[in-house]
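Heads up: the structure comes next, in structure tokens.
There are 2 protein chains.
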Amino acid sequence: MESPTSSVLDALNRNPSSLTDLTISAVRQGVANGALQPGELYSVYKLAEDLGISRSPVREALLRLAETGMVKIERNRGFRVVLPSPRDIAEIFSIRLALEVPAARRAANHSEPAPRSKVRQQYKSLELAAESQDIAAFEQHDQQLHALLIAGQGGHRTVRLVNSLRDSTRMLGVSTMGQERTLEEISLEHLPIVEAFEAGDGEAAAASMKEHLTATGRLLIQKALKATGSGDSVDQIWSEFAD
Amino acid sequence: MESPTSSVLDALNRNPSSLTDLTISAVRQGVANGALQPGELYSVYKLAEDLGISRSPVREALLRLAETGMVKIERNRGFRVVLPSPRDIAEIFSIRLALEVPAARRAANHSEPAPRSKVRQQYKSLELAAESQDIAAFEQHDQQLHALLIAGQGGHRTVRLVNSLRDSTRMLGVSTMGQERTLEEISLEHLPIVEAFEAGDGEAAAASMKEHLTATGRLLIQKALKATGSGDSVDQIWSEFAD
DNA sequence: CACTAACATGTAGCATGTTAGTCATGACAG
DNA sequence: CTGTCATGACTAACATGCTACATGTTAGTG
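First to last, the sequence lines map onto chains A and B.
FYI, in our numbering the residues of the first sequence are 242 to 484.
FYI, in our numbering the residues of the second sequence are 242 to 484.
Structure representation (structure tokens):
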């Protein structure tokens, strides 16, 4: 194996864990910035070469991503980044609603000073990223804000689960972000959640979280429907999964 | 490579897919029947030898199981089957409640003849397994019944997700099954759900599903608390995650 | 006797060789 | 022109060799 590229080394130094984890991050990033196109066929061979590492960790990374549905592996053919169907999106958001709305309620009802300042801080970072149109940073702080609102008591599994669901819709956000909704608008949707959390108002937190997720989910479904040219309506699909 | 054991061959014939999948099944089964003890340290090396295959598919299987939390891999040491803490169990059931209760409601409200007969049939199999004290069959039909009640429109992800959550608590069921509750009792808990589903009564289905999952979850937490000798109460832990 | 350093052992993680399956291409028969 | 079949390129899946590391043990030091 020749000398790894500097970016690989950098990532290695930041995170001494494993090349598999590194590869997972790399694929996520590639999907986020469009380097990996949904539907296109790629091979473990080439990806390993590009990353300057061997096939084993790359393969392991892809298997784990396939487990979450972000990627599909085709035997003896290669792998594809999966573009979720409108129904997939609806299901994903129905799950997120089922998990995050009660979580937001509980979090607000039990909110304490320390997590409050963290949430506020995270929201400020989100605003900042929105102002400077930094989509990558925006995505990251959005994720961390949602994670904070779930983590309350230590819902590790729930956080991991929601993060993996976000993975599946990440490639949709890329094209959507800053078009239908500006980053500022999305950022503002979080404000009532944060305020309700700080006020310890569980019901308000739940309601505004529900509104936020519903708006996001429906928008992504609409986007996906336009892309597929299907005749189905957003309402119809949405009603199959969420109320 | 010597001759694989007959059980391995059997599993291979049933499922011609991949050795990785075979290994996942083998580990699940090993956990279910106590061949793999929680907390004990095992090695990929030996497991691969026992299965009569190479280390690669075994390693891949364990990585995927680690992803779901059923197993923990320790670098350069081995892997352990994870015994979930009382809090872990509470979180798992809070997730299952969030997903399965609304799913049961929707399923009942949209129930049609075809799925109805399938559900009824699955319930009969469950009863039968309970009568004959066949724990393995009982587990399987229990899982399939829950899956049917979720799958409604095609909630593939939700089904997979719930199945993976069940994985994490499987080793607890082993020791519990047929002690605190008899199989017949557990089977009977499903009856009101099935009846509400057949009657198209969403609210009743949701309520009885909630009752069933709550009873199961609390029982497992109690069991786990006794094992750890902790002073926490079931109510206290339960209230941190579920309502 | 306490305490440390060298070493033996066993492991995950990674690299790489091997096997067998899939598909595109094009020759060729009808 | 069309459908069939050989063939070659490419691939995932699997097997296996290698390396660095974590840990328990033992030998050496005060």
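Built from N, CA and C at the ideal position, the CB exists for glycine as well.
A quick note: this is a predicted structure, and the numbers were derived from the prediction, not measured.
For G396(A), return the contacting residues in chain B, with the cut-off set at a CB-CB distance below 9 Å.
The contacting residues are E332, S335, I336, F482.
Using a beta-carbon distance below 8 Å, is L432(B) in contact with chain A?
Closer than 8 Å: no.
Take R361(B) as the anchor and find which of L406(B), I265(B), H431(B), G271(B) has the nearest alpha-carbon.
Closest option to R361(B), Cα to Cα, is H431(B).
Neighbourhood of T399(A) by C-beta, 7 Å cutoff - its chain only, sequence neighbours within 5 removed:
Spatial neighbours of T399(A) in its own chain (CB-CB distance under 7 Å, excluding positions within 5 residues in sequence) are listed in chain order as L340, A344, I391.
Listed from N- to C-terminal order along the chain, which residues in the region 344 to 356 of chain B have their beta-carbon within a distance smaller than 7 Å of any beta-carbon of chain A?
Answer set for the region 344 to 356 of chain B: empty.
Would you mind sorting E315(A) into buried or exposed? The rule is 16 or more other CB atoms within 10 Å of its CB.
Residue environment: E315(A) is assigned as exposed (fewer than 16 neighbouring CB atoms within 10 Å of its CB, all protein chains considered).
Could you please give the first and the last residue of the uninterrupted beta strand (DSSP E) stretch that includes R529(A)?
With chain A covering 242 to 484 only, the question about residue 529(A) has no answer from this structure.
Run through the DSSP bridge pairs and tell me what Y283(A) is partnered with.
BP columns for Y283(A) point to F320(A).
Own chain partners of A234(B) with C-beta closer than 8 Å, once the 5 adjacent residues on each side are dropped:
The requested residue 234(B) does not occur in the structure, where chain B is confined to residues 242 to 484.
Compute the Euclidean distance between the alpha carbons of S335(A) and L460(B), then round it to the nearest angstrom.
So the alpha carbons of these two residues sit roughly 28 Å apart.
Take G393(B) and list the residues in its own chain whose beta-carbon comes closer than 8 Å to its own, dropping the five residues that flank it on each side.
Excluding residues within five positions, the ones whose Cβ falls inside 8 Å are A344, R347, A348, H351, P356.
Measure the alpha-carbon distance for S471(A) versus A276(A) and round it to whole angstroms.
Whole-angstrom Cα-Cα distance: 27 Å.
Taking 8 Å as the threshold (beta carbon to beta carbon), is A339(B) in contact with chain A?
Taking a beta-carbon distance threshold of 8 Å, A339(B) counts as an interface residue toward chain A.
Environment of L406(B) [buried if 16+ CB atoms lie within 10 Å]
Around the beta-carbon of L406(B), 16 or more other beta-carbon atoms lie within 10 Å, marking it buried.
Inter-residue spacing [alpha-carbon to alpha-carbon] between V475(A) and A465(A):
If you take the alpha carbons of V475(A) and A465(A), they lie about 10 Å apart.
Just to confirm before moving on: does the CB-CB distance between L324(B) and M412(B) stay below 8 Å?
For L324(B) and M412(B), yes; Cβs fall inside 8 Å.
Closer than 9 Å by beta-carbon distance: list the chain A residues that pair up with R321(B), in chain order.
Neighbours of R321(B) on chain A: none; closest Cβ ~17 Å, over 9 Å.
Report yes or no: is there a C-beta of chain A within less than 8 Å of the C-beta of E301(B)?
It does; some Cβ of chain A falls within 8 Å.
Please list, in chain order, the chain A residues whose beta carbon lies closer than 7 Å to that of R305(B).
Under a criterion of Cβ atoms nearer than 7 Å, the residues of chain A adjacent to R305(B) are, in order, L304, R305, E308.
Does the beta carbon of T399(B) come closer than 8 Å to any beta carbon on chain A?
By this cut-off, T399(B) is an interface position.
With distances taken between CB atoms, is the gap from A378(B) to F482(B) smaller than 8 Å?
Taking 8 Å as the cut-off, the beta carbon of A378(B) is found no closer than this to the beta carbon of F482(B).
With a Cβ-Cβ cutoff of 8 Å, do P456(A) and A445(A) count as a contact?
Before going further, note that residue 456(A) is Ala rather than Pro in the sequence given. Remark: C-beta atoms of A456(A) and A445(A) do not approach each other more closely than 8 Å.
Considering only the beta carbon of each residue, do V322(B) and Q278(B) sit closer than 8 Å?
Contact flag set, yes.
CB contact check: R411(B) to chain A, cutoff 8 Å
No, its Cβ sits nowhere closer than 8 Å to a Cβ of chain A.
So E301(A) and E301(B) are supposed to be a Cβ contact under 8 Å. How far apart are they, rounded?
Correct: roughly 6 Å between the Cβ atoms.
Does the separation of the CB atoms of E425(B) and A371(B) fall below 8 Å?
Their beta carbons are under 8 Å apart, which means E425(B) touches A371(B) by this criterion.
Just verifying my parser: in three-state terms, what is the DSSP assignment at D375(A)?
For D375(A), the three-state secondary structure derived from DSSP is coil.
Cβ atoms of V272(A) and L288(A): under 8 Å apart, would you say?
For the 8 Å CB-CB criterion, L288(A) and V272(A) do not form a contact.
Let me know the secondary structure DSSP gives R255(A) once reduced to three states.
Below a pLDDT of 50, predicted positions are generally treated as unreliable, and R255(A), at 40, falls in that range; the measurement from the model is reported next regardless. Secondary structure at R255(A): helix, using DSSP grouped into helix, strand and coil.
Residues of its chain near K365(B), where Cβ-Cβ distance is below 6 Å and the 5 sequence neighbours each way are ignored:
If the five residues before and after K365(B) are omitted, its C-beta is found closer than 6 Å to no C-beta atom of its own chain.
Please state whether the Cβ-Cβ distance between Y283(B) and G310(B) is less than 8 Å.
The criterion of a C-beta distance shorter than 8 Å is not satisfied by Y283(B) and G310(B).
Which residues in the same chain have their Cβ closer than 8 Å to the Cβ of D473(A), if we skip the five residues on either side of it in sequence?
Answer for D473(A): P327, L466, listed in chain order.
Output the distance between the C-alpha atoms of L429(A) and A448(A), rounded to the nearest integer angstrom.
For L429(A) and A448(A), the distance between alpha carbons rounds to 15 Å.
Same chain, Cβ closer than 8 Å to V312(B), five either side skipped, listed in chain order
So the qualifying residues of the chain are V268, L303, L306, F320, R321, V322, V323.
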